[in-house]
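Engineer: Reminder that position 4 of the sequence shown reads as 3 in numbering that gives the first Met the number 0, one-by-one numbering, no gaps. Note that the Cβ used here is the ideal one computed from N, Cα and C, for glycine as well. Following this message is one structure expressed as structure tokens.
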Amino acid sequence: MSVSYVSKVEQGLTSPTAIALFKMSYILKTPMEEFFKGIDYEKLSS
């Protein structure tokens with residue numbers, strides 16, 4: 000996983016794949032659920 004890819008994800012220029020999220024979770028030693036905290040799912044569906 001390249002630094003430029005992670006940068007694009009952070010800036011919202013690209014969406015990470017499920018595999019990329021898994022790799023980030025593993026590298027950061029953080030549960031994947033942490034990536035989804037604070038998301039308002041109702042706003043996403045409208």
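Hey, out of Leu20, Ile38 and Gly37, whose CA is closest to Pro30's CA?
Structural biologist: Ranking Leu20, Ile38 and Gly37 by Cα distance to Pro30 puts Leu20 first.
Engineer: To which residues of the same chain is Met0 closer than 7 Å at the C-beta, ignoring the five residues directly before and after it?
Structural biologist: Counting only Cβ-Cβ distances below 7 Å, and skipping sequence neighbours, we find Ala19 and Lys22.
Engineer: Between the alpha carbons of Tyr40 and Tyr25, how many angstroms are there, rounded?
Structural biologist: Their Cα atoms are separated by approximately 25 Å.
Engineer: According to DSSP, is Ser6 part of a helix, a strand, or is it coil?
Structural biologist: In this structure, Ser6 counts as helix in the three-state DSSP scheme.
Engineer: Mind checking whether Lys16 and Lys7 have CB atoms under 8 Å apart?
Structural biologist: The question names Lys, but residue 16 in the sequence shown is Thr. No.
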